[in-house]
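Visitor:
Residue numbers (the working numbering), protein chains in the order written: chain A, 1 to 152; chain B, 1001 to 1152; chain C, 2001 to 2152; chain D, 3001 to 3152.
1) Are there 16 or more other CB atoms within 10 angstroms of the CB of residue 1111/B, so buried, or fewer, so exposed?
2) From 3021/D, 3035/D, 3076/D, 3070/D, pick the residue whose C-alpha is nearest to that of residue 1010/B; which is it?
3) Sort 1065/B, 1005/B, 1025/B by Cα distance to residue 3012/D and report the nearest one.
4) State the DSSP-derived secondary structure class of residue 120/A, mapped to helix, strand or coil.
5) Tell whether a beta-carbon distance below 9 angstroms holds between residue 141/A and residue 86/A.
6) Between which two residues does the alpha helix (DSSP H) harbouring residue 28/A extend?
7) Going along the chain, which unbroken runs of the beta strand (DSSP E) with 3 or more residues stay wholly within the segment 39–112 of chain A?
8) Using a C-beta to C-beta distance shorter than 8 angstroms, which residues of chain C count as neighbours of residue 32/A?
9) Got a sec: is the Cβ-Cβ distance from residue 3015/D to anything in chain A below 9 angstroms?
10) Name, please, each residue of chain C whose Cβ falls closer than 7 angstroms to the Cβ of residue 1019/B.
11) Please report the distance separating the alpha-carbon of residue 3133/D from that of residue 3051/D.
12) Could you tell me whether any Cβ in chain A is nearer than 9 angstroms to the Cβ of residue 3077/D?
13) Can you give me the C-alpha to C-alpha distance between residue 2032/C and residue 2008/C, rounded to a whole angstrom?
14) Which residue from 83/A, 68/A, 136/A puts its Cα closest to that of residue 144/A?
15) Does any CB atom of chain A fall closer than 9 angstroms to the CB of residue 1046/B?
16) If we cut at 9 angstroms on Cβ distances, does residue 2035/C have a partner in chain A?
17) DSSP beta-bridge partners for residue 3010/D?
18) Using the three-state DSSP reduction, which class does residue 135/A fall into: helix, strand or coil?
19) What residue from 106/A, 150/A, 151/A, 90/A has the CA that sits closest to residue 129/A's CA?
20) When the Cα atoms are used, what is the spatial distance from residue 3039/D to residue 3072/D?
21) Using only CA atoms, which one of 3136/D, 3124/D, 3139/D lies nearest to residue 3057/D?
22) Looking only at its own chain, which residues have a Cβ that is under 8 angstroms from the Cβ of residue 60/A, when we skip the five neighbours before and after it?
23) Is there at least one Cβ from chain A nearer than 9 angstroms to residue 1024/B's Cβ?
24) Can you tell me which of 103/A, 37/A, 135/A puts its alpha carbon nearest to the alpha carbon of residue 83/A?
25) How would you call residue 3028/D, buried or exposed, if buried means at least 16 neighbouring beta carbons within 10 angstroms?
26) Among residues of its own chain, excluding the 5 on either side of residue 3079/D, which ones have a beta-carbon nearer than 6 angstroms to its beta-carbon?
27) Compare the C-beta of residue 42/A with all C-beta atoms of chain C and state if any pair is closer than 9 angstroms.
28) Which partner residues does residue 1230/B have in the DSSP bridge list?
29) Between the alpha carbons of residue 2075/C and residue 2100/C, how many angstroms are there, rounded?
30) Run through chain A and tell me which residues come within less than 8 angstroms of residue 1070/B, C-beta to C-beta.
31) Determine the chain B residues that contact residue 192/A at a beta-carbon separation under 7 angstroms, and present them in chain order.
32) With a Cβ-Cβ cutoff of 9 angstroms, do residue 1066/B and residue 66/A count as a contact?
33) Classify residue 135/A as buried or exposed, calling it buried when 16 or more other Cβ atoms lie within 10 Å of its own Cβ.
If you want it as structure tokens, here you go:
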């Protein structure tokens, strides 16, 4: 029931010729927030909740199976930290959905969702979330972010 | 009824620590294919179909309103050109949907869709597609790419 | 006589297939430190010294005329902030040299220098540093970073 | 005595808020040209000369020890291929210097040099260029690119 708020730093080169954060770079920024929020390692920004221990050499890799995003307002460059809200909206057998919201001047600027799959580093095949991982996710479960512009 | 096939060049730095093309970089690659396919300018790869004339100084900007992607297979680095199929699946009043498919070893590796909005450079507000733009889009209209992993 | 220490955040995607920060991305990281250190705007990391007010719309652009770098040790991914030392080693008529050092496990991992030119936004031509800018730079002047591997 | 000319494709997102190719991205572009020119693999752009076989899994990694660049003219976005000249200016025991030149409207826009070190994948230590590698480099040897703005 807790949405985490993770501050991320934009980079000047995230801005494209339209003077806004480039559409693809926003996925890089979301990648940073989920690592800072849930991945183990020396605590990043003091915010890591150490739900998952993954990455090259750890025994588990994390692949992204699906992403969806709505850009409701262009994001300008801001030199200070940009707060990103994120939470978990679904726990599957070997996967989970992470939702994100970035505030804009008049309501949400960005809404997004990533489906992550845990993959066994040795076999390259999906592996089930452990009981410990499931329990560690509980405090961060909330409703899926509402998408408005899906067609069909 | 024509799906265009646009060759794009991966860059070595598109590959991340997992030895595959990074999830966010795939959106950069898709951005390159739609520019090469539909945007005016000195012909890119000999493939430009000059449907739209946009960009800083042109009178029209292009914003992305929404994107959706399924990663069905990891993309390894390939030094030669990577063929990307793309087509238009919807023409709205001031927007259009572009669909993409990248082939993998066993079927599609990536399926994606971007909703683009044409924005008047002077007012910053959406502007309607012109009759000429609509007509130029006709040959590239096809069914939306099928997404398999949507939830809810 | 003061070398500033600016913390920057690496991104997971700064790491390339060799599991180290990519050579080109280090220039992006150095770009972030000099913006955080010297450029005006809402204080970034609480470290901005507001020596320069530049950027699109400000009347002054900043171009880079020259860069030099030695990579003495590969930089691994670190989720916490990475401290970068930087200082000014030369004030020219319309330009300045900024030096950087990033510490590694056994001494410096990276040494670099950027020559920046201030350019008048209206004319596109170099413009002289003002007396105020020169004075604001004084506390950060120090010897040039020593390069060891220059040839010829 | 032959300078190679390698065409590379800029990406729209290489352009920053100043409407030119970002200073750090030019190093990414140079990285692409040297891979296309000298590295083994399915021929990239039909230009690969297969001097080196390196990369994760090949037995040899390539590290960059030093880079130097002069930006003489800003590079605008060009959708078509951008020709980059490159050649080898020095063969050391375990390293080589690669020089680059990108033409601008009024003479060279970019001049740069990268010192590459061949590293044994198993030991992580530099390894000497083989006789075959040295011989394969001979046709591409030329004078170092002249830098004009070095200080001290």
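In this text, a Cβ means the ideal position worked out from N, Cα and C, and glycines have one as well. Only a predicted model underlies this, so the values are computations on that prediction, with no experimental measurement involved.
Guide: Quick look at the numbers:
1) buried
2) 3035/D
3) 1025/B
4) strand
5) no
6) 23–38
7) 60–71, 82–91, 95–104
8) 2009, 2011, 2012
9) yes
10) 2017
11) 6 angstroms
12) yes
13) 7 angstroms
14) 68/A
15) Legend: pLDDT at residue 1046/B = 46, less than 50; position of this residue unreliable, no value from coordinates given.
16) yes
17) Residue 3010/D pairs with nothing; no bridge assigned.
18) helix
19) 90/A
20) 28 angstroms
21) 3124/D
22) 52, 53, 54, 118, 119, 120, 121, 127
23) yes
24) 103/A
25) buried
26) none
27) Confidence at residue 42/A is low in this model, with a pLDDT of 44, below 50, so its placement is unreliable and no value can be given for it.
28) Given a span of 1001 to 1152 for chain B in the structure shown, any question on residue 1230/B remains unanswerable.
29) 15 angstroms
30) 65, 66
31) It is not possible to answer for residue 192/A, since the shown part of chain A is limited to 1 through 152.
32) no
33) exposed
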